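Student: Each residue of the sequence shown is one higher than the last, beginning at 923 in my numbering.
Idealized CB from N, CA, C, for every residue including glycine.
Fair warning: this is a prediction, and the values are worked out from it, not measured in the lab.
Take a look at the following structure, please.
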Amino acid sequence: MHIMRNVDYRRTQMTIAGYLSEHWALLILLIGLATILLSDTHLERGMLRRMAFTDGMLFIYSVSCYVESYLGNQQDYTPLRSFLSALDYSLIVFILVNIVLIMYPRHSTTFWIPAVLNCLLCFVSIKTGIVFYFTTDNHFKRGMLGYLTYYICALYLIYFIISIFQSARKRVEDYTLPVFMAATSILCLVMPLIFEDMTLHWFNITIAIDIVFYYIYILQQYTKRDSLTNLLNRQSYYIDAKKYLHSITAYVAIDMNGLKEINDRDGHLAGDLALKTLADCFWSVANHNHRVYRIGGDEYAILCKNTPEEEVKELTDRIKASLKPTGYSCSIGYAMKTPNSTLDTLYQEADAKLYAEKRKYYEESGKKRQRRP
923 MHIMRNVDYR RTQMTIAGYL SEHWALLILL IGLATILLSD THLERGMLRR
973 MAFTDGMLFI YSVSCYVESY LGNQQDYTPL RSFLSALDYS LIVFILVNIV
1023 LIMYPRHSTT FWIPAVLNCL LCFVSIKTGI VFYFTTDNHF KRGMLGYLTY
1073 YICALYLIYF IISIFQSARK RVEDYTLPVF MAATSILCLV MPLIFEDMTL
1123 HWFNITIAID IVFYYIYILQ QYTKRDSLTN LLNRQSYYID AKKYLHSITA
1173 YVAIDMNGLK EINDRDGHLA GDLALKTLAD CFWSVANHNH RVYRIGGDEY
1223 AILCKNTPEE EVKELTDRIK ASLKPTGYSC SIGYAMKTPN STLDTLYQEA
1273 DAKLYAEKRK YYEESGKKRQ RRP
């Protein structure tokens, strides 16, 4: 993009060595990311394809910008420069769209309409000058829609930011990297409008680094969340128990009733659906002071930070109320922290109350009780 480049009149020839010297860091990032994606067996295929596609577009964009920059330093205009400029403006939006889709993939085809419209108008501009044009002495000029690409990028970035804060099951620590990605994407598009001597490398490098960071973020999420329910997992429970040791005021133990019966009668897919439904209910009634975990099987736990007993009782009541429409049930026990409590004693006390409630449930229902191995 023209506004993202510092014109260098010393560039008199275009060579592979010249390209490598300018884009070496970017190429290392892109090749490294491609290597990781080719060997990854854990990520969903659609996400891998989008990451690989973005990787490829960044490479094409860097080559296109390098050639267009060389042509921009020549005295005479050549039509190839107009084509490459249209390609650059189009790729910037498509790259940004792919970044959004990598994080939030469930969109209809209408999501692409602004990006496709931008692409069409940029290529139409080669003949009409509606977005940009070049004078006979090879100077770049903006047309009537000269800032179209930036406006469309702004729309996608606004959507990106809104999506970040509407994401389900996210805590403050989960927002950090997505917010960083949104902020850096905004900066690499806005800063060149303020400082005209900034180079095109800012956009390429920034987006490439953001993709690598997001890959790390995904792996981090896999290590801390339960794959079935998307709740925090047992490993997160152990880490958080130490991290929030002094702020934990209550422990809530939860155990699903009748899971074995569901598995035996309707199959394990029905059992999985039941576990996910319970997780959704637990999450929907928890607040920022409640960290919800699936410990394993049909066992769940909630660590309550800075929460008085009255609020803990209200939490357990909300859990039971949220489960009523689902047809599922669970047994709950909780324990409040005392000066002499440890997390182990809290667990034991809550677990004892849970099993007292579970015995009552099976006695009243007449159902066969599932015991822990």
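#1: Considering Cα atoms alone, identify which of L1013, E966, Y999 is closest to S986.
#2: Report the three-state DSSP secondary structure of K1259 (helix, strand or coil).
#3: M1113 by DSSP, collapsed to three states: which one?
#4: Can you give the beta carbon distance from Y1250 to A1163, rounded, assuming they're within the 8 angstroms contact cut?
#5: From which residue to which residue does the beta strand (DSSP E) around D1148 run?
#6: Does the Cβ of V1214 have 16 or more other Cβ atoms within 10 Å, making it buried, or fewer, making it exposed?
#7: Can you look up I1170 in the DSSP assignment and give me helix, strand or coil?
#8: Measuring CB to CB, does Y1159 end up less than 8 angstroms from I1224?
#9: So, at 6 angstroms on beta carbons, what are the nonlocal neighbours of R1294 in its own chain, with the 5 sequence-adjacent residues on each side left out?
#10: Terminal residues of the continuous alpha helix (DSSP H) containing I1074?
#11: Assign P1027 to buried or exposed, taking buried as 16 or more other Cβ atoms, counted over all protein chains shown, within 10 Å of its Cβ.
#12: Counting only runs of 3+ residues fully inside the segment 1205-1275, write out the beta strand (DSSP E) ranges in chain order.
#13: Exposed or buried, which one is G1189 when buried takes at least 16 other CB atoms within 10 Å?
#14: Counting only beta-carbon separations shorter than 8 angstroms, does L1191 have a partner in chain D?
#15: Kindly list the residues whose CB is nearer than 7 angstroms to the CB of V1101, restricted to its own chain and excluding five residues on each side of it in sequence; keep chain order.
#16: Indicate whether D1148 and L1276 have their beta-carbon atoms separated by less than 8 angstroms.
#17: From S961, C1110, G1219, pick the residue whose C-alpha is nearest to that of K1182; which is it?
#18: For W1034, which residues from the same chain have a beta carbon less than 6 angstroms from its beta carbon, with the 5 sequence-adjacent residues on both sides left out?
#19: Can L1154 and K1146 be called in contact, C-beta distance under 8 angstroms?
#20: Would you say the beta carbon of L948 is closer than 7 angstroms to some non-hydrogen atom of the ligand COA?
#21: Rounded to the nearest angstrom, what separates M1103 and D1132 at their Cα positions?
#22: What span of residues does the beta strand (DSSP E) with F1056 cover, start to end?
#23: For the beta strand (DSSP E) that contains R1064, what are its first and last residues?
#24: On the DSSP bridge assignment, give the partners of M969 in chain order.
Tutor: By the coordinates alone:
#1: L1013
#2: coil
#3: helix
#4: Going by Cβ atoms, the distance from Y1250 to A1163 rounds to 27 angstroms, so no, they are not a contact pair.
#5: Unbroken run through D1148: none, as it is neither H nor E.
#6: buried
#7: strand
#8: no
#9: A caution first: R1294 carries a pLDDT of 49, below 50, which makes its placement in the model unreliable, though a value can still be read off. Counting only Cβ-Cβ distances below 6 angstroms, and skipping sequence neighbours, we find nothing.
#10: 1070-1088
#11: exposed
#12: 1212-1218, 1221-1227, 1252-1258
#13: exposed
#14: Here there is only one protein chain, and chain D is not present.
#15: I1086
#16: no
#17: G1219
#18: none
#19: yes
#20: The ligand COA is absent from the structure shown, which contains no ligand whatsoever.
#21: 6 angstroms
#22: 1054-1056
#23: 1062-1064
#24: Per DSSP, none; premise fails for M969.
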